[in-house]
C-alpha cells in the first residue's frame with residue numbers, strides 16, 4: 001500500500017499498473033494513471049487498519065492530496081491478493097469524502113503546523 005502511494009506521489013504510473021492484480025491490469029491505462037497522478041499533489045498517507053484473511057489482505061487508508069486549491073482525500077478499504085510472490089491491488093471499497101477548499105491562511109492539511117501558504121500552496 002505504501003509503495004503504491006509513493007508511486008502516485010512521484011507519478012510512477014508504470015509501477016502502479018504493474019502492482020494491479022493481473023486480472024485488473026487490462027482495465028487501467030498508463031495514460032489514465034498519469035493523468036490522475038499529475039493533477040494530485042499527495043501530501044499525507046494514513047493507514048487506518050489492516051486485516052488478513054486466508055485469501056486476501058485488506059488495508060483501510062486515507063490518502064490526502066491537493067488538487068485545484070482543494071484538500072481531497074481517498075478513503076478506501078483496499079483488497080490485495082498475492083500473485084507470483086508479490087502483493088497486488090485487486091479492488092477497493094471507497095468512502096464518500098467531501099473536498100474542502102483550503103485558504104492561504106488555513107493550517108496546511110499535511111499537519112506540518114505551518115500555514116498553507118508557507119507549506120503546500122503553489
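Residue numbers (full-length UniProt numbering): 1 to 122. Glycine is no exception: its CB is placed at the ideal position from the N, C-alpha and C atoms.
Report the option in 30, 1, 21, 68 whose CA atom is closest to the CA atom of residue 11.
30
Using the beta-carbon count (16 or more within 10 Å), is residue 48 buried or exposed?
exposed
Whole-number beta carbon distance between residue 80 and residue 57, since they are thought to touch under 8 angstroms
At roughly 5 angstroms, the Cβ-Cβ gap stays under 8 angstroms, so residue 57 and residue 80 are in contact.
Could you tell me the distance, in whole angstroms, from the CA atom of residue 120 to the CA atom of residue 78?
One C-alpha to the other measures close to 27 angstroms.
Take the Cβ of residue 129 as the centre, count every other Cβ of all protein chains shown within 10 Å, and call the residue buried at 16 or more, exposed below.
This structure leaves residue 129 out entirely; the chain is present only between 1 and 122.
Using three-state DSSP, classify residue 123 as helix, strand or coil.
Lying before the first or after the last residue shown, residue 123 is absent from the chain, which here runs from 1 to 122.
If you pair each beta-carbon of the region 57-72 with each one of the region 99-113, do three or more pairs fall below 8 angstroms?
yes
Just mark residue 63 as buried or exposed, buried being the case when its beta carbon has 16 or more other beta carbons within 10 Å.
The residue in question, residue 63, is buried, as its Cβ has 16 or more Cβ neighbours within 10 Å.
Where does residue 129 sit, in a helix, a strand or coil, going by DSSP?
Outside the shown range of the chain (1 to 122) lies residue 129, about which nothing can therefore be said.
Beta-carbon separation of residue 83 and residue 22 under 8 angstroms?
yes
Report the three-state DSSP secondary structure of residue 80 (helix, strand or coil).
strand
Determine the direct distance from the alpha carbon of residue 61 to that of residue 33, and round the result to whole angstroms.
Rounded to the nearest angstrom, the two C-alpha atoms are 19 angstroms apart.
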